[in-house]
Amino acid sequence: MKRYLIVLSLCLLFIVGVSFAVTNFILPKETPVAMYVATSSENKKIQQKLKELGYYYGNIDGILGNQSVSAIKKFQRDYGLSVDGIVGSKTLTALGLNTGSSGNYSVTEIQKKLKNLGYYTGSVDGIFGSKSITAVRNFQRDYGLTVDGIVGKNTAKALGLNGSSQSSSDLYLLAKCVYAEARGEPYVGQVAVAAVILNRVKSPEFPNTIAGVIYQPYAFTAVIDGQINLEPDETAYNAARDAMNGWDPTYGCLFYYNPATATSSWIYSRQTVVTIGDHVFAL
Amino acid sequence: MKKAFIITVSILSCFVLVLGLTLFATRQNLTSTSANLESMYQRSLYELVNNVNNMEVEVSKLLVSNDATSQQRILSNIKQQTGEAENSISLLPINSDMVFETSKFMNKLNGYCTSLINYNDAKISDNDLSTIEQIYEYINNIKIELNKIIDKVMQGYRISENLGSDTEIGDFSESFKNILSDTIAFPSLIYDGPFSDSTINKTIKGLKDFEITSDEAQEFVKEIFSSEENLTYLGETKGRFETFDFVLEQNGQKYYVQVTKKGKFLLTLSSNYVSKVQESTSDKVTTDDVEENEDYAQDDVKKAIEVAKAFAKKLGIENMESVWSAKSDNAVYINLAPVEDNIVFYPDLIKAKVDLNTQTLIGWEASSYAYNHVEREDLIENITIDEARALVSKNLKIDNQRLCVIPLDYVGEVLAYEFSGEYNGYRYYLYLDANTGSQVRVLRVVQTSQGELVL
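Taken in sequence, the protein lines are chains X and E.
Counting from 1, one number per residue, gives the positions in the first sequence under this note's numbering.
Counting from 284, one number per residue, gives the positions in the second sequence under this note's numbering.
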């Protein structure tokens with residue numbers, strides 16, 4: 001009896017071990033694909049298009065069965081897309097069916113505007129899925145525009161979108177670094193961290209762009225341990241925005257450290273300016 | 284008994300096999316990652332060495348050329364090399380304190396070249412030539428040290444294997460330490476350009492000449508915010524400004540307040556004020572509503588500007604006008620500048636942040652004002668506004684013009700005419716020197732997802 005227990009537990013251990021190994025190392029890491037949740041009429045369009053291009057020979061029934069999926073895969077292979085059989089936004093674009101992001105307008109912006117107006121209820125994720133399309137259509141109907149779900153010139157105008165809009169990548173980066181480095185700190189401490197980054201950009205000793213400063217090797221622990229990739233919260237954004245508008249509670253500091261965790265003794269040689277929360281700021 | 288034994292052994296060996304395979308796969312993965320990393324590091328190092336080698340040659344050429352055109356060409360070569368070198372340095376895995384000086388040198392040399400190029404057509408002066416001789420010494424030293432490092436790499440030294448740890452500085456970082464040789468003096472570069480010593484050590488001109496104690500500062504804060512309770516003194520900040528810092532709690536909101544020691548001046552007010560968004564109740568919004576909302580928002584911004592101006596007045600700062608405002612969510616950033624005799628003084632900007640829902644002041648930043656605000660004298664324009672306007676590109680449909688003082692890029696300020704208008708759907712601001720008529724600056728308004736931005 002005891003033996004069986006041992007064998008059984010070994011078996012269990014084996015299964016756990018194998019599954020752990022398989023999920024972690026052997027299977028390729030799946031990158032999340034922007035799923036395009038399509039209605040059957042949209043599926044029909046996909047099938048139609050694939051048929052026109054000579055990839056699909058089945059019936060146009062709006063059901064993406066085995067035949068459709070292998071057609072999609074074939075198409076993806078030929079067009080250099082990742083072959084997953086899923087019609088994501090890239091595949092959709094390649095098929096010429098991507099109705100939303102006409103390149104000039106960022107999907108996030110469109111979603112934000114629609115959300116503000118109460119048409120879009122999904123999350124602002126930059127994926128132009130069926131929810132977005134429905135929102136655009138509803139908007140177009142109410143505003144007396146051609147109801148096609150496409151954000152063209154007129155719809156964009158009605159939405160108040162400016163074609164030249166550019167994303168504030170600097171603000172995003174700054175907010176990310178603030179969040180990763182100082183999210184537990186008082187607000188002004190977060191502004192101060194953002195200000196230090198901006199002071200470094202202006203200082204000759206450091207790289208001359210925000211990205212350069214943040215990603216400089218060994219400059220920020222949050223970059224080393226990967227916390228930089230966390231999504232910043234509103235407070236971090238506010239702090240970053242304040243710093244970009246000129247707020248600098250440290251008046252020119254280039255360094256900060258947490259005396260409880262600082263490892264470099266060199267840092268103590270800098271002239272201390274102020275302590276905010278857990279961070280000591282120095283020139 | 285025997286059966287169980289066999290089962291156990293076979294399961295165990297299977298397990299070991301799987302484990303082995305897994306480890307193998309992981310190792311393969313790691314090997315290729317670290318090889319990629321090593322290649323990137325080496326690439327940056329090779330490029331850096333290449334840039335510095337070129338720089339050494341180009342700078343030495345400057346010392347023997349005596350012709351403005353070729354000097355300009357060489358200077359722009361050096362400028363490009365320094366920019367690239369700085370970029371490579373920032374990509375290398377070196378502790379930043381080991382490369383401060385090298386980085387600083389590259390940036391400064393870049394700024395120095397820019398300023399020399401800006402003196403159109405002129406030949407490099409003897410004074411500058413002697414500075415360049417010093418620069419040459421310095422570069423040559425960097426070159427020698429860098430070539431030692433690259434020699435090691437060519438003999439199989441791997442950068443990624445010499446990175447050190449959390450507590451220990453790696454050998455690779457360490458090897459950059461020698462570049463900061465004490466034997467060669469760093470040439471002090473004073474010029475009208477970026478990273479010049481004169482721009483970094485700005486003098487404070489706008490504060491009155493007396494000092495206060497922390498108690499006086501506390502009284503001052505109480506006075507401004509008409510608040511008796513919930514004021515905590517935090518201590519002093521000793522940066523470019525010396526300030527007394529307080530935390531003020533009002534209506535459940537924390538404000539961080541900084542008052543200068545010299546001149547008793549409210550320098551900064553920061554807070555993370557977030558008022559609740561009013562959820563719109565209507566399901567559908569008609570066009571009229573949207574327009575109404577826009578008007579409403581504009582009204583809100585106007586009210587906010589009044590709030591900011593009133594606050595300035597309370598602090599005894601008169602004649603402030605809003606020159607720029609940018610909405611961001613529920614708050615608006617307002618730039619106030621003094622306007623005297625119809626002249627806008629842009630160097631003395633004060634930034635205010637006002638919450639749009641409650642119309643409360645939630646931020647104040649007056650360091651530019653503290654740095655620059657003085658009584659200006661001798662503000663005389665040599666050319667009339669019409670003469671200046673005739674010099675503006677015909678493309679621009681001007682709808683606004685005024686006289687102003689603008690800060691120059693690095694040091695000083697200049698009296699200028701401001702013309703703003705549209706071209707091709709974009710809004711531009713043009714600044715023409717009121718004495719020479721030359722265009723000092725042009726700005727374009729850029730729409731970003733975070734409001735408007737001037738570039």
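By construction, the Cβ of each residue, glycine as well, lies at the ideal position given by its N, Cα and C atoms.
{"query": "Proximal residues to residue 568 of chain E (C-beta, below 6 Å), its chain only, five neighbours per side dropped", "result": "Low per-residue confidence applies at residue 568 of chain E: pLDDT is 41, beneath 50, and the placement is therefore not dependable, though the value from the model is reported in the following sentence. Excluding positions up to five away in sequence, the list is empty."}
{"query": "Status (buried if at least 16 other CB within 10 Å, exposed otherwise) for residue 216 of chain X", "result": "buried"}
{"query": "Residue 257 of chain X vs residue 379 of chain E beta-carbon contact at 8 Å", "result": "no"}
{"query": "Touching by the beta-carbon criterion (3+ pairs, under 8 Å), the segment 353-371 of chain E and the segment 428-442 of chain E", "result": "no"}
{"query": "Endpoints, the alpha helix (DSSP H) within which residue 297 of chain E is located", "result": "285-347"}
{"query": "Residues that residue 620 of chain E contacts on chain X, provided the C-beta gap is smaller than 8 Å", "result": "Result: empty, since nearest Cβ-Cβ is about 13 Å, beyond 8 Å."}
{"query": "Three-pair Cβ contact test at 8 Å for the segment 620-638 of chain E versus the segment 530-544 of chain E", "result": "no"}
{"query": "Cβ contact (3+ pairs, closer than 8 Å) linking the segment 678-689 of chain E and the segment 636-651 of chain E", "result": "no"}
{"query": "Inter-stretch contact (C-beta, 8 Å, three-pair minimum) for the segment 272-281 of chain X and the segment 230-241 of chain X", "result": "no"}
{"query": "Chain-ordered neighbours of residue 216 of chain X on chain E, where CB pairs are closer than 8 Å", "result": "373 and 379"}
{"query": "contact_flag[the segment 608-622 of chain E, the segment 633-647 of chain E] where n(CB pairs < 8 Å) is 3 or more", "result": "yes"}
{"query": "Residue environment, residue 498 of chain E, which counts as buried when at least 16 other CB atoms sit within 10 Å", "result": "exposed"}
{"query": "Where residue 15 of chain X sits in the DSSP three-state scheme", "result": "helix"}
{"query": "Alpha carbon of residue 191 of chain X to alpha carbon of residue 549 of chain E, nearest angstrom", "result": "18 Å"}
{"query": "Residues of the segment 526-548 of chain E with Cβ closer than 8 Å to any Cβ of chain X, in chain order", "result": "526, 528, 537, 539 and 541"}
{"query": "Close Cβ partners of residue 68 of chain X (< 8 Å) along its chain, the five nearest in sequence each way excluded", "result": "43, 46, 47, 50, 56 and 58"}
{"query": "C-beta contact flag for residue 324 of chain E and residue 443 of chain E at 8 Å", "result": "yes"}
{"query": "Own chain residues within Cβ distance below 6 Å of residue 138 of chain X, not counting five before or after", "result": "119"}
{"query": "Reduced DSSP secondary structure (H/G/I, E/B, other) of residue 4 of chain X", "result": "helix"}
{"query": "Cβ-based contacts, 9 Å cut-off: residues of the segment 247-276 of chain X near chain E", "result": "247, 248, 249, 250, 251, 252, 253, 263, 264, 266, 267, 271, 272, 273, 274, 275 and 276"}
{"query": "Per-residue DSSP class, three states only, for residue 560 of chain E", "result": "Because residue 560 of chain E carries a pLDDT of 48, less than 50, the predicted location of this residue cannot be relied on, and the following value inherits that uncertainty. Correct three-state label for residue 560 of chain E: coil."}
{"query": "Assigned exposure category for residue 420 of chain E - 16 Cβ within 10 Å defines buried", "result": "exposed"}
{"query": "Chain E within 8 Å of residue 235 of chain X, Cβ atoms only", "result": "yes"}
{"query": "Residue 220 of chain X (DSSP reduced to helix, strand or coil)", "result": "coil"}
{"query": "Chain E residues whose Cβ lies nearer than 7 Å to that of residue 223 of chain X", "result": "Here the premise fails: no neighbours, minimum Cβ distance about 12 Å."}
{"query": "Closer than 7 Å at the beta carbon, the chain X residues around residue 699 of chain E", "result": "Simply none; closest approach about 21 Å."}
{"query": "Same chain, Cβ closer than 7 Å to residue 292 of chain E, neighbours up to 5 away in sequence not counted", "result": "none"}
{"query": "Outcome for residue 523 of chain E when other beta-carbon atoms lying within 10 angstroms are tallied against a minimum of 16", "result": "buried"}
{"query": "Simplified DSSP assignment, three categories, for residue 294 of chain X", "result": "Here chain X covers residues 1 to 283 and nothing more, so residue 294 of chain X does not appear."}
{"query": "Within 8 Å, strictly: CB atoms of residue 274 of chain E and residue 425 of chain E", "result": "Given a span of 284 to 738 for chain E in the structure shown, any question on residue 274 of chain E remains unanswerable."}
{"query": "8 Å Cβ cutoff, residue 188 of chain X in contact with chain E", "result": "yes"}
{"query": "Classification of residue 300 of chain E by the beta-carbon crowding that lies within 10 angstroms, buried from 16 upward", "result": "exposed"}
{"query": "Helix, strand or coil at residue 82 of chain X according to DSSP, with G and I counted as helix", "result": "coil"}
{"query": "Residues near residue 602 of chain E in its chain [Cβ-Cβ closer than 8 Å; skip 5 each side]", "result": "621, 622 and 623"}
{"query": "Residue 447 of chain E (DSSP reduced to helix, strand or coil)", "result": "strand"}
{"query": "Where residue 376 of chain E meets chain X, residues with beta-carbon distance less than 8 Å", "result": "217 and 218"}
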